[in-house]
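Chains A and B supply the protein sequences, listed in that same order. Position one of the first sequence corresponds to residue 1 (the numbering used here), numbered consecutively onward. Position one of the second sequence corresponds to residue 1 (the numbering used here), numbered consecutively onward. Every residue gets a Cβ at the ideal spot worked out from N, C-alpha and C, and that includes glycine.
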Amino acid sequence: MLAFVGLAALLTSFVGAGWLAFAGARTAVAQRRGEPGTDLRTPVLMVLTGALASMAVLQAALLFDDFTLAYLGNNHARATPFPFNVATAWAALEGSIVLWGLVLATFTWLVWRDHDRRRDALSAGALAVMGLVGVFFFGLMLTVANPFEVCIEAAANRCLASSPWPWSPIQAPADGPGPNPLLQNHILMAIHPPLLYLGYVGLTTPFAYAISALALTLPGPEWLRRTRRWSLVAWSFLTLGILFGGWWAYEVLSWGGYWAWDPVENASLMPWLVATAFIHSSLVQQRRGMLQAWNFVLVISAFALTILGTFLTRSGTITSVHSFTQSAIGPVLLGFLVLVLAGSFALFATRSHLVASAPRLDSFWSREGSFLANNLILTVFASVVLVGTIYPLVLEAFTGTQVGVGKPFYNRLTVPLSFALLLTMGLGSVTPWRHAAGPLVWNRIRGPLQVALAAGLVTAVIGTRLGWVVLAVVASVFVIGVIVRHLTELAGRRSRATGRGFFTEALHVLRGDQGYWAGQVSHVGVALVALGLAFTSNLSVHETFELEPGDTFAFAGYEMTYRAPFQRTEPSRTVVGANIEVHSDGRLVAELQPRANHFGSDPTGIPSPAVMSRLSGDVYLMLINIDNTGIRLEANTSPLIWLLWVGGLVTAAGGFWATQARRAERRTTALEAADA
Amino acid sequence: MSHRRFILIGAVGVVALVVVLVVNSLSSGVTYYLYPSEAVAQRDEFSDGTRFRLAGTVVEGTIAENGTVTSFVVSDGAEQIAVDLTGRVPPLFADGVPVLVEGTWVGDRFDADEAVIRHDENYSIPEEGGAFES
Chain A
1 MLAFVGLAAL LTSFVGAGWL AFAGARTAVA QRRGEPGTDL RTPVLMVLTG ALASMAVLQA
61 ALLFDDFTLA YLGNNHARAT PFPFNVATAW AALEGSIVLW GLVLATFTWL VWRDHDRRRD
121 ALSAGALAVM GLVGVFFFGL MLTVANPFEV CIEAAANRCL ASSPWPWSPI QAPADGPGPN
181 PLLQNHILMA IHPPLLYLGY VGLTTPFAYA ISALALTLPG PEWLRRTRRW SLVAWSFLTL
241 GILFGGWWAY EVLSWGGYWA WDPVENASLM PWLVATAFIH SSLVQQRRGM LQAWNFVLVI
301 SAFALTILGT FLTRSGTITS VHSFTQSAIG PVLLGFLVLV LAGSFALFAT RSHLVASAPR
361 LDSFWSREGS FLANNLILTV FASVVLVGTI YPLVLEAFTG TQVGVGKPFY NRLTVPLSFA
421 LLLTMGLGSV TPWRHAAGPL VWNRIRGPLQ VALAAGLVTA VIGTRLGWVV LAVVASVFVI
481 GVIVRHLTEL AGRRSRATGR GFFTEALHVL RGDQGYWAGQ VSHVGVALVA LGLAFTSNLS
541 VHETFELEPG DTFAFAGYEM TYRAPFQRTE PSRTVVGANI EVHSDGRLVA ELQPRANHFG
601 SDPTGIPSPA VMSRLSGDVY LMLINIDNTG IRLEANTSPL IWLLWVGGLV TAAGGFWATQ
661 ARRAERRTTA LEAADA
Chain B
1 MSHRRFILIG AVGVVALVVV LVVNSLSSGV TYYLYPSEAV AQRDEFSDGT RFRLAGTVVE
61 GTIAENGTVT SFVVSDGAEQ IAVDLTGRVP PLFADGVPVL VEGTWVGDRF DADEAVIRHD
121 ENYSIPEEGG AFES
C-alpha cells in the first residue's frame with residue numbers, strides 16, 4: 001500500500017520536474033522577449049508535493065514498521081529507538097536520495113517564490129535548470145535507487161530480493177537488521193546528513209541561476225545579487241555539515257580524531273573551498289565588475305564537485321561508512337557529472353565573448369587584490385584535495401595497483417596554504433578597494449601584529465616551542481586582532497563624534513555594514529578553528545594502560561581508578577564497558593564509561609569512547625580490549641579542542657548572519673544606477 | 001610588459017609551481033596497499049624501510065603481547081606474514097578481524113607502527129576472502 005503511494009509521489013515529482021524544465025525554458029525565452037510566458041506554479045508544486053509525500057511515506061513506513069518495503073527490510077529494526085528510526089530514512093542510499101529530492105524540491109520552491117514576485121527571465125531559466133536536476137534525481141529514485149521497492153523474498157530479519165513493482169506478491173520479513181550500527185550510536189549522526197545535504201543541494205540554486213544567465217545572455221551581476229543569499233545559506237549549512245561530521249567522527253569512531261583526509265571528508269571539503277572562493281569573488285564582481293568569467297567557472301565547479309562528492313561517497317568506489325553498497329548508481333552519477341561539466345562548459349564557451357570584458361585591477365594592493373589571492377589559494381587548496389582524492393582511484397583503474405594518499409601529502413601542501421590564507425584574511429579585511437595606501441593599512445595592522453607577536457612569545461615561553469603551534473597562535477591572534485581593532489576604532493570614532501556610548505556605536509557599526517561584519521565573524525571562526533587544529537594535532541598525548549578492577553593510574557594530571565566492568569542489554573544492542581572514576585586532588589570529578597556496543601549478531605562491536613570535556617581540553621578514554629581478567633585502555637588528551645567546535649559554529653553563524661544583510665545589496669544597486 | 005601578459009605569465013607560473021609541488025608530494029606521499037601474497041611476491045620491490053600497508057585477517061591464536069610490541073600473523077588465505085606492531089592497538093582488535101597495518105619489511109617480518117581494523121561497508125566483518133576490495 002505504502003509502496004503505491006510512494007511511487008505515485010515520486011512520479012508526481014518526476015513529471016513535475018520535467019514539466020518545469022520545459023515550461024521554465026519556454027517562459028524564460030518568452031520573458032526575455034518581453035512576453036508574459038506561462039505560470040510555473042503547478043509544476044513547482046507538483047515537485048514539492050511529491051517530494052514531501054515520498055518522505056512522509058518513508059517516515060510512515062518506519063513509524064509503523066512496514067517491512068513490506070525492501071528498504072526497511074534491509075535498514076530498519078523494530079527495536080531502533082527514536083530519533084534513529086527517523087534518521088533511518090537517510091541511513092542508506094535509497095532513502096538518502098529521497099532526502100536529497102526533498103531538499104532540492106524545497107530550494108526549487110523557494111526559487112519559484114522569487115520568480116513569482118519578479119516574473120523575470122533569469123529566475124524562469126533558473127527554475128528550468130532546477131527542473132532538469134530534479135528530473136535526474138527523481139529519475140534515479142524511479143530506477144536504480146528506488147526506495148519503495150517491495151520485498152518479494154524474505155529471511156527472518158532481512159529482505160533477500162525485491163521488486164520495483166508494488167503489485168508483486170509480497171513477502172515481508174518479521175524484522176530487519178536495523179541501520180548501520182555506527183549510525184545508531186550518536187545523535188549527531190541523525191542531524192549531520194540533513195545539514196550536509198542542505199549545503200550540497202543548496203549549491204544547485206546559484207548554479208541554476210548561473211546557467212540561466214549564460215543561456216539567456218544576461219552575464220551581468222544580476223544573477224550574483226539574486227543568488228548571494230542562497231550561496232551563503234548553502235555555504236553555512238555545508239560548514240555545519242562538515243563540522244558535525246568531524247564532531248561525530250571524534251565522538252563515535254574511537255580513534256580520537258575528527259579529520260583523516262578520508263575521501264568522504266574530502267568530498268565535503270572540496271565544494272566548501274570552492275564555494276568559499278565564490279562567495280568572495282562574487283563580491284569583487286558586484287563591487288568592481290571584475291572576475292565575471294571566473295565566477296561562472298567557480299559556481300559550475302562547486303556544483304560539479306557536489307556531484308563528484310556524491311559519486312565518491314555513494315557509489316561504493318570507496319569503502320566507508322558512507323558508501324552503502326555496490327550499486328548501479330555509480331555509473332549513472334558519473335554520467336551525470338560528465339554531462340554537467342560538458343554541458344556547462346560548452347555553454348560557457350559559446351558565451352565567452354559576453355563575459356570577457358572586465359575592468360582592470362588598479363593595484364594588487366587592494367581589497368580586490370586580496371580577494372584574488374584568496375581565490376588563488378582556495379582553488380589551489382581544492383585542487384590539492386581533488387588530486388589526493390582521485391589519484392588512488394585513477395591509478396587503480398589504470399594499473400590495478402592499490403595505493404593510499406595519506407596525511408603527509410595533504411599536510412605538506414595544505415598547512416602552508418592555510419597559513420597563507422590566514423595572512424590574506426588578516427590583511428585583506430582592512431585593505432580598501434581599488435588602491436590601498438601603505439601607511440593606512442600599516443596603521444590598521446600594526447597594533448594587532450604587535451599583540452600577535454606577543455601572544456606567540458608567551459606561547460613559546462609558557463606553553464610550547466613547537467613551531468607550527470606558535471605560528472598558528474600568531475596568525476590567529478593577528479586575524480582576530482585586526483578585526484577587533486577595526487571595530488573598536490570605528491565605534492570609538494563615532495562615539496567621540498556623537499557622544500553616545502561605545503557599545504551603542506559598535507552595534508551601529510555592525511548593523512551599518514552587516515554583510516562585511518558577518519564576514520568578519522566567519523573569519524574569527526576560521527581563526528579559532530586554525531588554533532584548535534594546531535593545538536589538537538600537535539600537542540595531544542596518548543598512553544595505553546593494562547588494568548584490573550581496582551587499579552589506579554595517573555593521566556593528564558588526574559587520578560583514575562578502574563572500578564569494575566559492566567554489561568547492560570538495551571533493546572537494540574548489548575553494551576559492555578568499564579567504569580572509570582576520575583579524581584582531581586582527591587575529589588571525584590567524573591565517572592567515565594568507555595564501552596563497546598554489540599548490535600544484533602555482529603561479533604566485532606562498535607567502540608564508544610568516553611570523553612570528559614574541560615576548558616583545557618578533553619580527556620578521551622577508549623576501550624581497546626575487555627575480558628574476564630581486565631581491560632586494556634587507551635587514554636588521549638585533546639588540548640583546547642573546544643576551539644574547533646566553537647570556531648566552526650562561529651564560522652557558520654557568520655554565514656547565516658550575512659544572509660540577513662540587505663544594505664550592501666542596496667548600496668551596490670545604487671552605485672550601479674549612478675554608473676549608468 | 002603589458003598588463004595582460006603580466007597576468008598570463010603569472011598565472012602560468014603559479015600553475016606550474018603548483019603542479020610541481022603536487023607531483024613531488026604525491027610521489028613521496030603515496031603508500032601502497034598489498035595483500036600478504038602480493039607483499040611476498042613483490043618482496044624485492046619493497047626493500048626494508050619502504051613503507052606500505054598490509055591488509056589481511058588476524059590468524060586465530062597468533063596474538064602475543066610483549067611489552068609495547070604486539071605480534072600477530074596476518075593472512076589473505078594464500079600467504080601469511082608475521083607482524084610486529086609497536087604503537088596503538090585499534091579498539092576491539094582480536095583473532096579473526098580484518099586489519100590494515102602500515103610499516104615496512106624487516107627481514108621476513110613486517111614491522112608496523114599503525115593499525116586499523118577494516119570493516120566493510122556494512123561495518124561488519126566481511127565474509128572470508130574478497131574482504132579488502134576498496
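Coil, strand or helix - ASN689/A by DSSP: It is not possible to answer for residue 689/A, since the shown part of chain A is limited to 1 through 676.
Per DSSP, cross-strand counterpart(s) of PHE545/A: LEU633/A
Use the C-beta contact count for MET46/A: other C-beta atoms within 10 angstroms, 16 or more gives buried, fewer gives exposed. buried
Smallest Cα separation from ALA554/A: which of GLU581/A, LEU188/A and THR569/A? GLU581/A
Inter-residue CB distance, GLY256/A and ASN636/A (contact presumed, cutoff 8 Å): 5 Å
Please go through the same chain and pick out, in chain order, the residues whose beta-carbon is closer than 7 Å to the beta-carbon of PHE296/A, but skip the five residues on each side of it. ALA210, LEU214, PHE348 and VAL355
Does the beta carbon of HIS435/A come closer than 9 Å to any beta carbon on chain B? no
Minimum Cβ-Cβ distance from ALA397/A to chain B less than 9 Å: no
Tell me TYR562/A's beta-bridge partners as DSSP assigns them. ILE580/A
Does GLN286/A pass the burial test, meaning 16 or more other C-beta atoms within 10 Å, or should it be called exposed? buried
Classify ILE462/A as buried or exposed, calling it buried when 16 or more other Cβ atoms lie within 10 Å of its own Cβ. exposed
Would ARG289/A and PRO359/A be called neighbours here (beta carbons separated by less than 9 Å)? Checking the sequence, you will find Gly at residue 289/A rather than Arg. Yes. Within cutoff.
Coarse secondary structure for HIS598/A, derived from DSSP in three states: strand
Interface residues of the stretch 605 to 622 of chain A facing chain B [CB-CB below 9 Å]: GLY605, ILE606, PRO607, PRO609 and MET622
What is the DSSP secondary structure of GLY467/A, counted as helix, strand or coil? helix
Residues near ALA658/A by beta carbon distance below 7 Å, same chain, minus five either side: LEU232, GLY515, ALA518 and GLY519
MET622/A beta carbon near the ligand GDP (any heavy atom closer than 8 Å): Of ligands this structure carries none, so the ligand GDP is not represented either.
For the stretch 20 to 51 of chain B, which residues have a CB atom closer than 7 Å to at least one CB atom of chain A, in sequence order? LEU21, VAL22, SER25, LEU26, GLY29, VAL30, THR31, TYR32 and TYR33
Contact set between the stretch 77 to 109 of chain B and chain A, restricted to residues whose Cβ is under 8 Å from the partner: ARG88, VAL89, PRO90, PRO91, LEU92, PHE93, ALA94 and VAL97
Indicate the three-state DSSP secondary structure (helix, strand or coil) for GLN171/A in the structure shown. coil
PRO164/A versus VAL264/A - alpha carbon distance: 30 Å
I'd like to know if VAL74/B contacts chain A, where contact means its C-beta is closer than 9 Å to some C-beta of that chain. no
Cβ contact check for the stretch 55 to 66 of chain B and the stretch 574 to 593 of chain A: 3 or more pairs under 8 Å: no
In the structure shown, what three-state DSSP assignment does ASN66/B receive? strand
Cutoff 9 Å: GLU18/B Cβ touching any chain A Cβ: Sequence inspection shows Val at residue 18/B; the Glu mentioned does not correspond to that position. Interface residue, yes.
Go ahead and label ASN628/A buried or exposed: buried means 16 or more other beta carbons lie within 10 angstroms of its beta carbon, across all protein chains shown. exposed
With respect to the alpha helix (DSSP H) encompassing PRO607/A, which residues constitute its N-terminal and C-terminal limits? No alpha helix (DSSP H) holds PRO607/A; the beta strand (DSSP E) holding it covers 606 to 608.
Which of the residues in the stretch 369 to 383 of chain A, read from start to end, lie with their CB under 8 Å from any CB of chain B? LEU376, VAL380 and SER383
Reduced DSSP secondary structure (H/G/I, E/B, other) of THR504/A: helix
How is the alpha helix (DSSP H) around ASN295/A delimited, first residue to last? 292 to 314
Name, in chain order, the residues that DSSP records as bridge partners for ILE81/B. VAL74/B
Using only CA atoms, which one of SER28/B, ALA115/B, PRO36/B and GLN42/B lies nearest to GLN80/B? PRO36/B
Determine, using beta carbons only, whether ARG5/B comes closer than 9 Å to chain A. no
Closer than 7 Å between beta carbons: that is the criterion. Which residues of the stretch 402 to 418 of chain A meet it against chain B? GLN402, VAL403, GLY404, VAL405, GLY406, PRO408, PHE409, ARG412 and LEU413
Given a cut-off of 9 Å, decide if GLY95/A and LEU58/A are closer than it, judged by their beta-carbon atoms. yes
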